[in-house]
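**Q**
In the numbering used here, the protein residues as written are -8 to 140.
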């Protein structure tokens, strides 16, 4: 069934016209003032005829042919394994919880959380500086090769 100007428009129809107006504005065919005026009228429009009047003086745009916006590629420091940040976050969480328990129970006494966080931090520091995977520390080369396959 073909859409006639008297047929009611859906929210999806209004969104498509709004996207086309955004593209026309981005290409310089509309000023921001014209764009804002037409955008208000788009969402106030009830029929296909109302929407058609808003784009009658503009060329047709195939929104599917437009290039999709791509997120900029995030670069990580050379040689750093992606799991390093997660490993340090785990260390900080555990060490923070242990320190909180120490503060609530024996504040001023022997600082036992250093035995939890200290050796772990040393291993983490070695893996961070060497650029290796923190999850591979202590595993043999055979295990690592098997895991890579």
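Glycine included, every Cβ here is placed at the ideal spot set by N, Cα and C.
Using a Cβ cut-off of 8 Å (strictly closer), state whether residue 13 contacts chain C.
**A** Any reference to chain C falls outside this structure, which holds one protein chain only.
**Q** With the cut-off set at 8 Å, would you say residue 89 and residue 104 are in Cβ contact?
**A** yes
**Q** Assuming contact is defined by CB atoms lying nearer than 8 Å, are residue -1 and residue 42 in contact in what I supplied?
**A** no
**Q** Would you be able to state if there are at least three C-beta pairs under 8 Å between the segment 44 to 53 and the segment 6 to 13?
**A** yes
**Q** With a 10 Å radius around its C-beta and 16 neighbouring C-beta atoms as the bar for buried, classify residue 84 as buried or exposed.
**A** exposed
**Q** Whose C-beta lies closer than 8 Å to the C-beta of residue -8 among residues of the same chain, with five residues either side of it excluded?
**A** Confidence in residue -8 is poor, its pLDDT being 48 and thus under 50, which makes the residue's placement unreliable; the coordinate value appears in the next sentence. Counting only Cβ-Cβ distances below 8 Å, and skipping sequence neighbours, we find nothing.
**Q** Leaving aside the five residues before and after residue 17 along the sequence, list all residues of the same chain whose C-beta is less than 7 Å from its C-beta, in chain order.
**A** none
**Q** So, using beta-carbon positions, are residue 49 and residue 20 closer together than 8 Å?
**A** yes
**Q** Taking all protein chains shown into account, decide if residue 33 is buried (16 or more other Cβ within 10 angstroms of its Cβ) or exposed.
**A** By the 10 Å Cβ count, residue 33 comes out buried.
**Q** The ligand MN heavy atoms versus the CB of residue 39: any closer than 7 Å?
**A** In the structure shown, the ligand MN is absent, as is every other ligand, since no ligand is present at all.
**Q** Taking only three categories from DSSP, how would you classify residue 22?
**A** coil
**Q** Going by CA-CA distance only, name the one from 39, 3, 120 that's closest to residue -6.
**A** 39
**Q** If you draw a straight line from the C-alpha of residue 31 to the C-alpha of residue 3, how long is it?
**A** 15 Å
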